[in-house]
Amino acid sequence: MVLGVMLGGLPASAGDDPAALIKALGTANFTEAEKIVGELGKTGDARVVPALEAFGAGDLYLRKSDGNVFIGKAAGSSLMLIDPLTGEKTGEEAKGALTKIKVNNTLRRAITAAEGGLTLMSPDRAKRLEAAATILKSPGADNLDLLETALASEQDGEVKKLLQQARAVSILGSDRPLEAKLQAVEAVEGLGGQDALAVLQPLRANADPALASAIDKAIGRIETKLSLWEAVQNIVYGLSLGSVLLLAAIGLAITFGVMGIINMAHGEMVMLGAYSTFVVQQMIRAHAPGLFEWSLAIALPVAFLVTGAVGFAIERCVIRFLYGRPLETLLATWGISLMLQQLVRSIFGPTNQEVGNPGWMSGSFDLGGLAITWNRLWILAFSLSVFVALLMLLKRSAFGLQMRAVTQNRRMASSMGIRTPWVDAFTFALGSGIAGMAGVALSQIDNVSPNLGQSYIIDSFMVVVFGGVGNLWGTLVGAFSLGILNKFLEPYAGAVLGKILVLVLIILFIQKRPRGLFALKGRAVDA
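Under my numbering, the first residue of the sequence shown is numbered 10, with each subsequent residue one higher.
As structure tokens, then:
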């Protein structure tokens, strides 16, 4: 009867009559309309969904002549009138004969909640999930009866869990007994994260002592879990950064360790690898679009061969004349890096180039309280694969044996018949090729520009020096250690100051262990 009086004389049965409720919207104020929307949601009649959608979009009209309500769609200078329940067209009407029913943001929230409730009983699982999620975001005591009805018949475990959480959130804003609210607090705590805090914290101020105590304990436990997940997330971010540093530094570890060459052009090998990816993708887009998902697999050997050839040419044309002269080598490779940057600018331009992400490297997924992106996960797997492959090459192949011999004692290796100049050349080419493969991976997470390599060259040298010059295991440990340390320092010191602190810590460490974490053994090395 209350609804009937509020709506200007409608009988109490209007609360169960969708047509009467929709008609009542024509003369209701905002407060009354919000209550009517709630009653429409309780009807469980899916036919009212188009009317609610039209109401939220501002397409619901009152006809002045008879007080009936219609959905109005523009038809030239007139409006096409559509029955809000049946969806049938009833003819056109001049705009002056109609009054648009106004809606505000509060009403839109109520409409969204009502639409969610109306689809809770849908046979489509996806719609039920969406409806439960909608009510969870816009809870209200008016939804409780509908939620409990849906819960009683729901068989799907995921939907049922979401409904239980939505019911718990709605109970906290209702006049249910204290015991029910205490149980609801436990259920809301199960939501975890900021969503649960957003529900519980506003209720704390006006809650009675027993409920307030339960809320405080729940908030404390949630914040503790959040702190733990944040620490784990920092470790994940650190491993992600470490995998990037490992890819960028592993080639440098080879050239620096075997030949003692301070290669300032190493970053440009990374850059050339990224541009190789861009060129491969452009050719695939132009000639074989169906192969785009395989573009990175095609780009990897291309980048390796291109940068390996460039590295071989640099060693044969420049580096081999400068062995034993580290300062000249540094200056020469720095000059080569500037030439390569300018060459790329001349060919591709100074602006960033677009490199696409294949479908299997796009998007992210949640694991507990962690958010993990697919591209970072694949790069981590790829960097470890490159590390294992390189380790096997060094340990199981004749070329790897020669590289290790030259590293440990160049003169003895030469006297045993090993052609050390060619070992140097192919080692430099191998390190450059691996840097090119790193560029393929980095093209998926960073801007492909002529300055790409400059972002990683200093960090790569820090990783190599920290881990131990020429030691692959040291490079692995150094890359992941510095990556994790960076991510733990950044929230407190900022990105720039965090890097400075890492540099200071490395300098202090090198004072104690000049050869890094894992120093190479050998007569020439130890001499």
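Note that the Cβ used here is the ideal one computed from N, Cα and C, for glycine as well.
Given residue i as reference, the closest of the options once Cα atoms are compared
i: Val208; options: Leu187, Ser179, Glu188, Ala219; result: Ser179
i: Ala29; options: Pro430, Ser452, Ile45; result: Ile45
i: Leu129; options: Val112, Lys51, Thr40; result: Lys51
i: Lys104; options: Thr95, Met89, Val112; result: Met89
i: Glu43; options: Asn113, Val58, Lys136; result: Asn113
i: Asn77; options: Thr108, Pro59, Pro500; result: Thr108
i: Leu305; options: Pro298, Glu499, Val289; result: Val289
i: Val364; options: Ser346, Val432, Asn456; result: Asn456
i: Val241; options: Ile519, Ala189, Leu494; result: Leu494
i: Arg325; options: Pro430, Ala502, Thr338, Trp303; result: Pro430
i: Gly409; options: Arg213, Ile328, Leu393, Asp433; result: Asp433
i: Val505; options: Asp75, Phe489, Leu153, Ser464; result: Ser464
i: Lys98; options: Ala84, Ala106, Ile110, Lys111; result: Ala84
i: Val395; options: Glu101, Ile228, Ala257; result: Ala257
i: Trp387; options: Ala450, Leu331, Leu439, Ala283; result: Ala450
i: Leu171; options: Lys404, Arg134, Arg118, Lys190; result: Arg134
Burial state of residue i (16 or more Cβ within 10 Å)
i: Pro335; result: exposed
i: Arg385; result: buried
i: Met355; result: Checking the displayed sequence, the identity of residue 355 turns out to be Ser instead of Met. Looking at its Cβ environment, which holds fewer than 16 other Cβ atoms inside 10 Å, Ser355 is exposed.
i: Asn2; result: Since the first residue of the chain shown is 10 and the last is 536, residue 2 is not available in this structure.
i: Thr233; result: exposed
i: Phe265; result: buried
i: Asn272; result: buried
i: Leu255; result: buried
i: Met278; result: buried
Beta-carbon spacing of residue i, residue j below 8 Å
i: Ile120; j: Gly65; result: yes
i: Gly462; j: Ser285; result: no
i: Gly492; j: Leu235; result: no
i: Ile443; j: Ile307; result: no
i: Gly201; j: Gly483; result: no
i: Val473; j: Ala341; result: no
i: Leu481; j: Leu389; result: no
i: Gly142; j: Leu156; result: For the sequence presented, residue 142 should be read as Ala rather than Gly. In this structure, Leu156 does not lie closer than 8 Å to Ala142 by Cβ.
i: Gly448; j: Leu526; result: no
i: Ala159; j: Ala177; result: no
i: Lys496; j: Leu250; result: yes
i: Leu512; j: Met471; result: yes
i: Ile427; j: Ala414; result: yes
i: Ile466; j: Gly276; result: yes
i: Asn283; j: Leu349; result: Correcting the residue identity first, residue 283 is Ala in this sequence and not Asn. Going by C-beta atoms, Ala283 is not nearer than 8 Å to Leu349.
Simplified DSSP state of residue i, which is helix, strand or coil
i: Gln362; result: strand
i: Thr436; result: helix
i: Leu248; result: helix
i: Tyr284; result: helix
i: Leu305; result: helix
i: Met89; result: strand
i: Ala103; result: strand
i: Ser373; result: strand
i: Gly81; result: strand
i: Ile454; result: coil
i: Ala33; result: helix
i: Thr342; result: helix
i: Leu69; result: strand
i: Leu494; result: helix
i: Gln411; result: helix
i: Ile515; result: helix
i: Ile381; result: strand
i: Thr264; result: helix
i: Thr121; result: helix
i: Lys111; result: coil
Rounded separation between residue i and residue j - CA only
i: Glu48; j: Thr36; result: 16 Å
i: Phe435; j: Leu206; result: 59 Å
i: Gly487; j: Gln411; result: 25 Å
i: Tyr246; j: Asn366; result: 20 Å
i: Leu116; j: Val353; result: 57 Å
i: Arg522; j: Phe321; result: 33 Å
i: Gly166; j: Phe437; result: 57 Å
i: Glu62; j: Asp92; result: 13 Å
i: Leu94; j: Arg56; result: 5 Å
i: Ala221; j: Asp204; result: 18 Å
i: Val58; j: Ile31; result: 11 Å
i: Ser469; j: Gln417; result: 22 Å
i: Ser538; j: Pro132; result: Outside the modelled stretch of the chain, which goes from 10 to 536, sits residue 538, for which no answer is possible.
i: Lys136; j: Leu376; result: 24 Å
i: Ala422; j: Ala502; result: 48 Å
i: Lys169; j: Leu145; result: 12 Å
i: Ser458; j: Met370; result: 21 Å
i: Ala312; j: Leu181; result: 59 Å
i: Leu498; j: Lys508; result: 8 Å
Cutoff 8 Å: residue i Cβ touching any chain D Cβ
i: Ile328; result: Among the chains in the structure shown there is no chain D, since it carries only a single protein chain.
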